[in-house]
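Residue numbering for the sequence shown follows our numbering, beginning at 16 and increasing consecutively.
Idealized CB from N, CA, C, for every residue including glycine.
Shown next, in structure tokens, is the structure this report addresses.
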Amino acid sequence: KILPNISAVPQPPYSPDLSPCDFFLFPRLKTHLKGHHFDTTENVKATVTDQLKAIRVSEFQHCYEDWKQRLRRCVASQGNY
16 KILPNISAVP
26 QPPYSPDLSP
36 CDFFLFPRLK
46 THLKGHHFDT
56 TENVKATVTD
66 QLKAIRVSEF
76 QHCYEDWKQR
86 LRRCVASQGN
96 Y
């Protein structure tokens, strides 16, 4: 128990090292969007869409291969990463 009458709810393990959005996509977008100021939500959407479309298929393929390696290492360590 954390506090009286409050119990912790078990959560599945999570690591940004295993999430392609966290290790590939979000850092890439952050790099390209840093320092930009947008007047409208539509401008944000358009800029993000342009950045996503600029990612080459080969980069996504490399990300996928990297992700598989990360998963294999996690399995090999039995989740103790």
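Check	Outcome
Closest Cα partner of V90 within the set K68, S73 and L33	L33
Residues bridged to I70 (per DSSP)	None; I70 has no bridge partner.
Cutoff 7 Å; reference V44; Cβ partners in own chain excluding five residues on either side	The amino acid at residue 44 is misidentified as Val; the sequence shows Leu. Hits under 7 Å: V63 and Q66.
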